[in-house]
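The structure appears below as structure tokens.
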Amino acid sequence: MSKKIVAVLMVTGIITIAVAQPGFAQDSVTYENPLAYIGEDNNVYITDASGGVGTAVTNDAIYEPNVGNYIFYRTSSWSPDGQTLIFGDSESATLYMLKSGEAAAMLNVEAEDVHTAWSPDGTQMAYFGFLDEPGVLVVPAEGGEPTFWAGGLEFSIGEGPLAEPAIALLAREQGENPLRSSRYLAWLPNGIFYGSMGSRNCYGSAIIQADGTLLCTDWWG
């Protein structure tokens with residue numbers, strides 16, 4: 442498996458930001474009304490909503506299954522003001538933050554995968570991570586200590602009925618394919634939504650409220 446070298450600030454239990462080293466196509470990208478997408482080469486690109494040639498953000502995606510080398514990116518989520526993009530390397534579950542006009546930076550959090558969700562006001566970010574146990578964590582967008590919203594969440598991919606139409610639509614709005622994604626996040630007014638093809642707590646989906654309460658919806662009922 443290919444490994445990337447990054448500048449790391451190791452502070453246990455605290456989100457920090459370190460400027461990423463190789464793998465980024467340029468020092469900074471400035472954009473207005475942006476759209477992000479994954480190109481045919483599995484790298485991250487940004488273009489303006491009006492169209493035009495995409496600007497490469499990363500340039501080190503690799504897919505060499507014969508030798509076990511994989512680096513492939515997934516666009517995760519834009520901040521509400523459209524100026525900050527969180528994306529991740531799916532193979533290593535490394536998250537990166539890209540702000541308009543600034544260099545991309547690595548988020549030093551113990552993420553379980555690349556799914557994230559912004560709070561409606563853009564001040565916080567939710568992610569699947571690990572803090573004593575796996576769960577959904579929330580951190581300030583500018584850095585700080587994570588808050589544990591819900592733990593004991595064990596996810597697995599399995600076969601079963603399709604998701605409810607409303608949940609499938611929400612998944613697609615978050616950039617996910619409900620037929621292929623094992624889980625996804627969205628931040629709603631009454632809590633953080635997570636969907637999964639299987640969870641120890643809720644076999645389907647749930648709203649996680651700030652006090653950790655799970656409001657479950659069973660896809661299988």
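Residue numbers (our numbering): 442 to 662.
Where a beta carbon is used, it is the ideal one built from N, C-alpha and C, also for glycine.
All values reported here derive from a predicted model rather than from experimental measurement.
Measuring CA to CA, which of the options is closest to residue i?
{"i": "T535", "options": "I503, W559, I512 and G542", "result": "I512"}
{"i": "R515", "options": "F528, S533, S560 and N500", "result": "F528"}
{"i": "L578", "options": "P561, E553, G563 and D562", "result": "E553"}
{"i": "P630", "options": "Y537, P561, T496 and E543", "result": "P561"}
{"i": "M566", "options": "P521, S533, D530 and S531", "result": "P521"}
{"i": "T663", "options": "E481, N510, G563 and A477", "result": "Residue 663 is absent from the structure shown; the chain starts at 442 and stops at 662."}
{"i": "W590", "options": "N507, G576 and W628", "result": "G576"}
{"i": "E626", "options": "G584, Y568, N510 and P506", "result": "It should be pointed out that residue 626 corresponds to Leu in this sequence rather than to Glu. Among G584, Y568, N510 and P506, the Cα nearest to that of L626 belongs to Y568."}
{"i": "N510", "options": "S491, S533 and A490", "result": "S533"}
{"i": "W628", "options": "V508, G563, N507 and A490", "result": "G563"}
Does the separation of the CB atoms of residue i and residue j fall below 8 Å?
{"i": "G523", "j": "P581", "result": "no"}
{"i": "L548", "j": "L539", "result": "no"}
{"i": "A544", "j": "Y537", "result": "no"}
{"i": "Y504", "j": "N484", "result": "no"}
Compute the beta-carbon to beta-carbon distance between residue i and residue j, rounded to the nearest angstrom, for a pair I have assumed lies under 8 Å.
{"i": "P587", "j": "V555", "result": "Actually they are not in contact, since the Cβ atoms of P587 and V555 sit about 16 Å apart, beyond 8 Å."}
{"i": "A558", "j": "S518", "result": "6 Å"}
{"i": "T471", "j": "G542", "result": "5 Å"}
{"i": "Y486", "j": "G493", "result": "So it is not a contact: roughly 11 Å between Cβ atoms."}
Provide the residue(s) that pair with residue i in DSSP beta bridges, ordered along the chain.
{"i": "T557", "result": "Y568"}
{"i": "N507", "result": "Per DSSP, none; premise fails for N507."}
{"i": "T488", "result": "L476"}
{"i": "V580", "result": "M566"}
{"i": "A544", "result": "Paired residues: none, contrary to the question."}
{"i": "S518", "result": "I527"}
{"i": "E574", "result": "L572"}
{"i": "T535", "result": "D530"}
{"i": "T496", "result": "I487"}
{"i": "A552", "result": "G570"}
Compute the minimum distance between the beta carbon of residue i and the heavy atoms of the ligand MG, and state whether it is under 7 Å.
{"i": "K540", "result": "Of ligands this structure carries none, so the ligand MG is not represented either."}
With 8 Å as the threshold, decide whether the Cβ of residue i is near any Cβ in chain B.
{"i": "P581", "result": "Looking at the structure shown, chain B is missing, and only one protein chain is on hand."}
Under 8 Å, with one C-beta from each stretch per pair, do the segment 488-505 and the segment 569-579 reach the 3-pair mark? no
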